[in-house]
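In the numbering used here, the protein residues as written are 26 to 330.
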């Protein structure tokens, strides 16, 4: 049976197919509406350097929490990296990691956990080897590479977690222990990025989520490869269902192409000033870039104003 949808409160009134996909005027919502703030990490919360969020961003997050708003991180990073960032801000959770493949509550219990079958990862590994691409495999609490690719070292520097060097075939054997939560391909330059596109076009039963590092870091393409049924948006939906939070009480903010499902799943979707053009095109609003405290601007405009 077909169902007529209405835009959630605070959205521009459009047809159901488009009311969450295009930018509109400043969303009109009461002060108390936002209960959950979902924040991407790299390029949104964290910018240049490794010193953590700026004092302005820290203050805005603290003020939001003092008003009863839950602040959750939503990232392609692994959970062990996410938890380090969260601890620095005293954010207990819930949180979304692995580009949506794992959602954990504040006590660490899983709300959603969707590993990839080993057969699909074996096919992906063969393709990565043929294309001579840096390839990473992630379990819940560790990740692995066959060799210390320069790209893998740059990624470790970014997320603060180093990979373990192991024969990847052994991790993917039918008798191997441990679920694969995410794989990742890393491209250095347009030509390597095109090789990843060729793998993406093979039609493997996997989802490819493209992300960029924040300004000031080595310009690599990080491609999160997950179960085909998950992305940041499906993770948000699972989180909202578990907590009984309405979509129109959620603000999501990010900067990368892989943040598009996050913005679509939130009642208000905000793109950073340094965001990819395709993300700005679907956002309700665009704020300053990460190096000019765009996250704090979003909190002041839409959560605390």
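Note that the Cβ used here is the ideal one computed from N, Cα and C, for glycine as well. Source: prediction; values computed, not measured.
Rounded to whole angstroms, what is the Cα-Cα separation between residue i and residue j?
i: residue 233; j: residue 265; result: 24 angstroms
i: residue 73; j: residue 314; result: 11 angstroms
i: residue 238; j: residue 202; result: 31 angstroms
i: residue 60; j: residue 301; result: 27 angstroms
i: residue 65; j: residue 189; result: 25 angstroms
i: residue 71; j: residue 184; result: 11 angstroms
i: residue 290; j: residue 147; result: 31 angstroms
i: residue 270; j: residue 292; result: 11 angstroms
i: residue 198; j: residue 104; result: 24 angstroms
i: residue 186; j: residue 294; result: 29 angstroms
i: residue 58; j: residue 93; result: 11 angstroms
i: residue 97; j: residue 173; result: 32 angstroms
i: residue 191; j: residue 181; result: 16 angstroms
i: residue 253; j: residue 204; result: 15 angstroms
i: residue 267; j: residue 137; result: 10 angstroms
i: residue 118; j: residue 175; result: 33 angstroms
Grouping DSSP H, G and I as helix and E and B as strand, with all else coil, what is residue i?
i: residue 331; result: Nothing about residue 331 can be reported from this structure: the residues present for the chain run from 26 to 330 only.
i: residue 236; result: strand
i: residue 143; result: helix
i: residue 203; result: coil
i: residue 129; result: strand
i: residue 110; result: helix
i: residue 170; result: strand
i: residue 261; result: helix
i: residue 279; result: strand
i: residue 67; result: strand
i: residue 150; result: helix
Does the Cβ of residue i have 16 or more other Cβ atoms within 10 Å, making it buried, or fewer, making it exposed?
i: residue 255; result: buried
i: residue 332; result: Here the chain has residues from 26 to 330 only, and residue 332 is not among them.
i: residue 214; result: exposed
i: residue 5; result: Residue 5 is absent from the structure shown; the chain starts at 26 and stops at 330.
i: residue 151; result: exposed
Provide the residue span of the alpha helix (DSSP H) that contains residue i, from first to last.
i: residue 271; result: It is not in any alpha helix (DSSP H) - residue 271 carries neither H nor E in the DSSP assignment.
i: residue 176; result: 175 to 184
i: residue 324; result: 319 to 327
i: residue 302; result: 302 to 305
i: residue 122; result: Note, residue 122: premise wrong, no alpha helix (DSSP H); beta strand (DSSP E) at 120 to 122.
i: residue 218; result: 215 to 225
i: residue 286; result: 285 to 290
Which residue from the options puts its Cα closest to that of residue i?
i: residue 228; options: 149, 219 and 262; result: 149
i: residue 219; options: 174, 157 and 195; result: 157
i: residue 250; options: 303, 141 and 296; result: 141
i: residue 195; options: 257, 306 and 170; result: 170
i: residue 230; options: 308, 145 and 119; result: 145
i: residue 69; options: 327, 99, 123 and 193; result: 99
i: residue 177; options: 241, 192 and 212; result: 212
i: residue 276; options: 296, 124, 115 and 102; result: 296
i: residue 330; options: 81, 63 and 89; result: 89
i: residue 273; options: 327, 123 and 79; result: 327
i: residue 309; options: 262, 318, 298 and 316; result: 298
Could you spell out the range, first to last residue, of the beta strand (DSSP E) harbouring residue i?
i: residue 161; result: 159 to 163
i: residue 63; result: 61 to 64
i: residue 92; result: Element bounds for residue 92: n/a, residue is neither H nor E.
i: residue 250; result: 246 to 251
i: residue 135; result: 135 to 138
i: residue 294; result: 293 to 296
Hey, is residue i's beta-carbon within less than 8 angstroms of any beta-carbon in chain C?
i: residue 196; result: No chain C is part of this structure, which consists of one protein chain only.
Would the C-beta of residue i count as close to the ligand ZN, meaning under 7 angstroms from any of its heavy atoms?
i: residue 173; result: The ligand ZN is not part of this structure, which contains no ligands at all.
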